[in-house]
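Notes follow the structure.
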Amino acid sequence: MSRTPHDLLSIVYSSTSAHPFKDEELNALLALSRENNARARLTGMLLYRSGRFLQVIEGPADSLRERMSIIAADPRHLDVHILLQETIDERQFPDWTMAYEPASDVAAEDIPGYRSTFSDIEAGDDPQESLAALRELIRWFQDRTVRPR
Numbered sequence: 001m002s003r004t005p006h007d008l009l010s011i012v013y014s015s016t017s018a019h020p021f022k023d024e025e026l027n028a029l030l031a032l033s034r035e036n037n038a039r040a041r042l043t044g045m046l047l048y049r050s051g052r053f054l055q056v057i058e059g060p061a062d063s064l065r066e067r068m069s070i071i072a073a074d075p076r077h078l079d080v081h082i083l084l085q086e087t088i089d090e091r092q093f094p095d096w097t098m099a100y101e102p103a104s105d106v107a108a109e110d111i112p113g114y115r116s117t118f119s120d121i122e123a124g125d126d127p128q129e130s131l132a133a134l135r136e137l138i139r140w141f142q143d144r145t146v147r148p149r
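Residues in the sequence shown are numbered from 1 upward in steps of one, following full-length UniProt numbering.
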């Protein structure tokens, strides 16, 4: 079966914020992201902790690629790295235009699969171990993420 630009795609990426986000700045970013994602039929979740973003974003491949181009060019994001990209049959976050977990409320060691860096994926050390950690982290989000109102 051939894929089309409308097939569902899922991307997990990490980036560093250009400056630390205050709560009100992050809330404004989330509100704008939710509006943009709803318009583009994108869903996902976001983690922000200690100046690092980790996001799962999913939706129609053409819309998602366009959104990733915008994110990569956004001066608020530095060092954008795609950690996982895959075609999916169904969404992991079907009802969340951008779910958010305030990870500052949770100790990093209590988050399954969380790492301060996923540089081993980029280096190609043990991609299976890294992908397993990402999938564990996604399951954790699915279980506890704060849903948009």
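Idealized CB from N, CA, C, for every residue including glycine.
Rounded Cβ spacing between residue i and residue j (contact assumed at less than 8 Å)
i	j	result
E58	R91	5 Å
Residue i: first and last residue of the uninterrupted alpha helix (DSSP H) it sits in
i	result
I88	No alpha helix (DSSP H) holds I88; DSSP gives it neither H nor E.
Beta-carbon proximity list for residue i, same chain, < 7 Å, skipping 5 on both sides
i	result
A40	G59, S63, R67
A73	none
L26	Y48
Sequence-distant residues of the same chain with beta carbon closer than 6 Å to residue i, five excluded per side
i	result
F21	none
I88	L8, S10
A38	T97
Q85	I11
Those residues which DSSP pairs with residue i across a bridge
i	result
V12	V56, L84
Cβ-based neighbour list, residue i, same chain, cut-off 8 Å, excluding 5 preceding and 5 following
i	result
H77	S15, T16, S17, A18, F53, I71
Give the list of continuous beta strand (DSSP E) stretches no shorter than 3 residues that lie fully inside the region 15 to 69.
List check, beta strand (DSSP E) in window: 43 to 49, 52 to 60.
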